[in-house]
């Protein structure tokens, strides 16, 4: 028995070190690259640095869970990695991202939503499909305690539509971008916000919080309604985030102060 222990320990050490080395190498790549977060209307590029990205309306983290595979069946090694996304509030959405190898580097091409605060047990691939064993929420679960165990299968089916296709037309000859961006000043930001907030909450609600105020920070316009919050708890206030460079709408809300 003593001889067996002596022989097995070195093997186990090598195996564990190999796994740790793989994770460190993956973190250098997947924790320091650009992901696109959004929907069919806009996408915010999020460049992770040391596995994290922060902006006024988005927090993104690399979760150190990944698997390699040929997901677009072109003979090159691609990757599927899990990130955690928070766009405000208490929800931490776990996302599966397909990173396709273009021959030079991994490029984020598609995303699949997993669940809010999913508990990931394992991730693996077979025949170009990603398998995830995890706990997700079911009716009656508290926010932080998903209790339904599932084994889901995810497949890369091509480029997502949310904003990623913009690279196909942004450099076309007819494309002109003002030097100061599409939302160069406070007046423009307020005009855009008023139109969008009116569509979302109605003209009467917006008129109650006029004049709207806009403040620029980190190339993002934050437009807020003017509300007297004295003796009001909670106090609702209209809020909207607009990217100065592109005019992308990052957030629309009626938040408590």
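Numbering (the working numbering), first residue to last: -4 to 252. Every residue gets a Cβ at the ideal spot worked out from N, C-alpha and C, and that includes glycine. Please read these numbers as outputs of a predicted model, since none were measured by experiment.
Span of the alpha helix (DSSP H) around residue i
i	result
residue 196	181 to 196
Backbone secondary structure at residue i - three-state DSSP
i	result
residue 92	strand
residue 121	strand
residue 241	coil
residue 18	helix
residue 25	helix
residue 205	coil
residue 175	coil
residue 199	helix
residue 74	strand
residue 116	strand
residue 126	strand
residue 13	Confidence at residue 13 is low in this model, with a pLDDT of 43, below 50, so the placement of that residue is unreliable and no value is reported for it.
residue 235	strand
residue 109	strand
residue 66	coil
Bridge-paired residues (DSSP) for residue i
i	result
residue 210	217
residue 103	94
residue 44	47
residue 80	55, 88
residue 133	DSSP lists no partner for residue 133.
N- and C-terminal bounds of the beta strand (DSSP E) containing residue i
i	result
residue 146	143 to 150
residue 222	Note, residue 222: premise wrong, no beta strand (DSSP E); not H, not E.
Legend entry - Stretch-stretch touch, CB-based, cutoff 8 Å, three pairs: the stretch 39 to 49 with the stretch 127 to 140: Between the stretch 39 to 49 and the stretch 127 to 140, the count of C-beta pairs closer than 8 Å stays below three; the two stretches do not touch.
Legend entry - Meets three-Cβ-pair contact criterion under 8 Å: the stretch 172 to 188 and the stretch 202 to 212: yes
Legend entry - the stretch 137 to 145 contacting the stretch 63 to 81, beta-carbon criterion three pairs below 8 Å: Flag = no, the stretch 137 to 145 and the stretch 63 to 81 do not touch.
Legend entry - Validate contact between the stretch 48 to 59 and the stretch 102 to 112 using beta carbons, cut 8 Å, 3 pairs: no
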